[in-house]
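The sequence shown lines up with residues 79 to 339 when you count with the working numbering.
Using N, Cα and C, we set each Cβ at its ideal position, and we do this for glycine too.
Shown next, in structure tokens, is the structure this report addresses.
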Amino acid sequence: MTTSIVEELVLRGAEKHGVPGPVAHELLAGSRPCLHLVPFPSLTPAQRQQARPAARTGGLPSLPDGVDWPDGRDPLVLTVDCAALPHEALDIELPPDGRLLFFSSIEYEPESSVVLHVPADAATAQRSAAYELDGEPEQVKVYEPDDLYPVPGLTVSPDWRDAPATSAFLDSGTDRDDILDDFEDAVRRAAAGGASYGVAVQLGGFSSPWQSPPDEDDLVLLAQIHGQSIDFDVYTQTLVVGTREDIAARRYQALEFEQQV
79 MTTSIVEELV LRGAEKHGVP GPVAHELLAG SRPCLHLVPF PSLTPAQRQQ
129 ARPAARTGGL PSLPDGVDWP DGRDPLVLTV DCAALPHEAL DIELPPDGRL
179 LFFSSIEYEP ESSVVLHVPA DAATAQRSAA YELDGEPEQV KVYEPDDLYP
229 VPGLTVSPDW RDAPATSAFL DSGTDRDDIL DDFEDAVRRA AAGGASYGVA
279 VQLGGFSSPW QSPPDEDDLV LLAQIHGQSI DFDVYTQTLV VGTREDIAAR
329 RYQALEFEQQ V
């Protein structure tokens, strides 16, 4: 979405919900674009007509010669086809092509999580889940694969309501919190074109953490992965953050993983 389209969307939502223009502009100033990666049923009928998958949950990794499962043997939870992403939708720099592979535990606090970039021109082969540990057969957990589809969206800083016009609006009536909640929800739904993104994967934007946000100071969100988007019985949230510079330079070993429950 272009800046003008986002502004029009926010101002239209403000008018519908009785939110003053200066407050709408403060939300706009405190917003960042994101990409929601959602399963096909979460798309609207109109979105399904032109849908193209851009990611996959679970499955086995296809890796270049000489590259095996990361040392911690954490499961592959997400594979992103970078070339299939609408890159203009993000304000962080991802590779223009190739695949990003996210290995992490989603069932307990990850210890050795890894993000790998596999170049588009690399010859790859699928790795087996079976391996040996101290001479005993072991197997990496493999989640059921499922295609995900990219939906541009909008996220809002948790601090945007501290801005002057918004603070004054909140102080002007007892129902103002509810009005802003409805306004923000409506703007985010409209930005996603009506797609359902509550339990999904998010790339970029502000996090929506269940506890303290890890994307603070110079750290920004690369990915937010709801456990239920990988395995419906896993109620966790894995947040992957790093500096803009490290993400742009593909220094993925510098990323930080945090699990919230």
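- With a cut-off of 8 Å on Cβ pairs, the segment 218 to 232 is in contact with the segment 157 to 164, counting three or more such pairs.
- Beta-bridge pairing by DSSP links Ser250 to no other residue.
- The alpha carbon of Ala198 has as its nearest neighbour, out of Ala208, Leu211 and Arg177, the alpha carbon of Arg177.
- Rounded to whole angstroms, Asp260 and Glu210 show a C-alpha spacing of 53 Å.
- Of the candidates Leu258, Val234, Ala208 and Val196, Leu258 places its Cα closest to the Cα of Pro98.
- Under the DSSP assignment, Ser140 falls in the beta strand (DSSP E) whose first and last residues are Ser140 to Pro142.
- If only complete runs of 4 or more residues are kept, the segment 230 to 302 shows the alpha helix (DSSP H) at 242 to 249 and 254 to 269, in order along the chain.
- If you ignore the 5 residues before and after Ala264, its C-beta comes within less than 8 Å of the C-beta of Gly91, Lys94 and His95, all in its own chain and listed in chain order.
- The segment 322 to 331 and the segment 163 to 179 touch, with three or more beta-carbon pairs separated by less than 8 Å.
- In the three-state reduction of the DSSP assignment, Arg322 falls in the helix class.
- Counting only residues of its own chain and dropping the five nearest sequence neighbours on each side, Pro131 has a CB closer than 6 Å to the CB of Asp225 and Tyr227.
- If you draw a straight line from the Cα of Glu85 to the Cα of Ala208, it comes to about 51 Å.
- Annotation note: the segment 96 to 123 contains the following uninterrupted beta strand (DSSP E) runs of length 3 or greater, listed N- to C-terminal: 109 to 116.
- When DSSP states are grouped into helix, strand and coil, Thr81 belongs to the helix group.
- For Phe335, the enclosing beta strand (DSSP E) covers residues Glu334 to Gln338.
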